[in-house]
Amino acid sequence: MQLRIHAVEGRLVAFVGADGRVRPGRYAARDAQGAPLAEGEIVPDLDHYRRSGRRGDLVVEEVAS
Numbered sequence: 117m118q119l120r121i122h123a124v125e126g127r128l129v130a131f132v133g134a135d136g137r138v139r140p141g142r143y144a145a146r147d148a149q150g151a152p153l154a155e156g157e158i159v160p161d162l163d164h165y166r167r168s169g170r171r172g173d174l175v176v177e178e179v180a181s
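Under the numbering used here, the residue at position 13 of the sequence shown is numbered 129, and the numbers go up by one with no gaps.
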């Protein structure tokens, strides 16, 4: 399963790849300048993103793979 995530204004969440490693300087659902991606971003279904969604740091939708 995959998730579509959307950035929340004023909140930054580290991007974690499918291998479980954090990508330094990269934020989830944001472009290189830090602006939110209008269409969101498809990411692997990881606890990191689900926890961020429960905290209100991201908006998370499940996507059928």
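Don't be surprised by glycine CBs; every beta carbon is placed ideally from N, CA and C. In this text, all values refer to a predicted model and were calculated from it rather than measured experimentally.
Can you tell me whether Glu125 is buried or exposed, with buried defined as 16 or more other CB within 10 angstroms of its CB?
The residue you call residue 125 lines up with position 9 of the sequence shown. So Glu125 counts as exposed.
Val138 vs Ala130 beta-carbon contact at 7 Å:
As a working note, residue 138 is residue 22 in the sequence shown. As a working note, residue 130 is residue 14 in the sequence shown. Yes, the Cβ-Cβ distance between Val138 and Ala130 is below 7 Å.
Between the alpha carbons of Tyr143 and His122, how many angstroms are there, rounded?
To locate residue 143, count along the sequence shown from 1; it is residue 27. To locate residue 122, count along the sequence shown from 1; it is residue 6. Within the model, the alpha-carbon separation for Tyr143 versus His122 is close to 11 Å.
Compare the Cα-Cα distances from Val179 to each of Gly141, Ile158 and Pro152 and report the closest residue.
Reading the sequence shown from its first residue, position 63 is the one you call residue 179. Per the Cα distances, Ile158.
How many Å lie between Ala154 and Arg120 at the Cα?
By 1-based counting over the sequence shown, the position of residue 154 is 38. By 1-based counting over the sequence shown, the position of residue 120 is 4. Here the alpha carbons of Arg120 and Ala154 stand approximately 12 Å from one another.
Quick check on DSSP: helix, strand or coil for Gly172?
The residue given as residue 172 occupies position 56 in the sequence shown. Three-state DSSP puts Gly172 in coil, outside helix and strand.
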